[in-house]
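Per this note's numbering, residue 93 is the first one in the sequence shown, and the count goes up by one each step.
We put the beta carbon where it would ideally sit given N, CA and C, even for glycine.
Okay, structure first, notes after.
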Amino acid sequence: MNVWQNEKNFILLLERKKEILLSHIIQIESKLLTIEKEIKDYQEEQAYINQQIKLLTPSGILARADIYRGIRRQGALLAHLQIVSHKITQLEEEKIRYQDGLKESNIVMSQLNKRNYKMTKYLQRLKRIENRRRDNNSENEIQEQAVYDRKKL
């Protein structure tokens, strides 16, 4: 009987671990979604900066001051483009780390599911054996009582 109680407590512990792990997985997935959104926003900004740089490329004959002003503006845009590219790289590395964490969490979840399944099946088997033993003992007592009553008569 004590074994069943310990087994039930262990199964409850496994269920609690699964709940905690599931909430952790949900948090990781939400972080991944926000990171992907940020990457998309930065990529759009990067495309806009590239477009602005192309628009600043002079075509035809311009005054020297206009050419230098365009070059300075392109330099500022290129510096900003470099910062944006660096942020995209950082976010992609962070995304990879979160994806690895998500994979590990899914592996742990499958292991917990397997362990829970095995323990539940083991507990059910023990319960069936115990019920069979009780039924046999009851049946034996009934037969002994019937035999004893016949001998008495």
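Collapsed DSSP secondary structure at residue i in the structure displayed
i           : result
residue 154 : coil
residue 149 : coil
C-alpha distance - residue i paired with residue j, whole-angstrom precision
i           : j           : result
residue 115 : residue 218 : 32 angstroms
residue 174 : residue 156 : 27 angstroms
residue 130 : residue 215 : 49 angstroms
residue 188 : residue 204 : 24 angstroms
residue 239 : residue 220 : 28 angstroms
residue 232 : residue 244 : 18 angstroms
residue 186 : residue 117 : 16 angstroms
Among the options, nearest to residue i - alpha-carbon criterion
i           : options       : result
residue 146 : 170, 195, 113 : 170
residue 195 : 121, 141, 105 : 121
Would you check if there are 3 or more beta carbon pairs closer than 8 angstroms linking the region 157 to 167 to the region 195 to 213? No: fewer than three Cβ pairs fall under 8 angstroms.
Check whether the region 172 to 186 and the region 127 to 135 touch, using three or more Cβ-Cβ pairs below 8 angstroms as the test. yes
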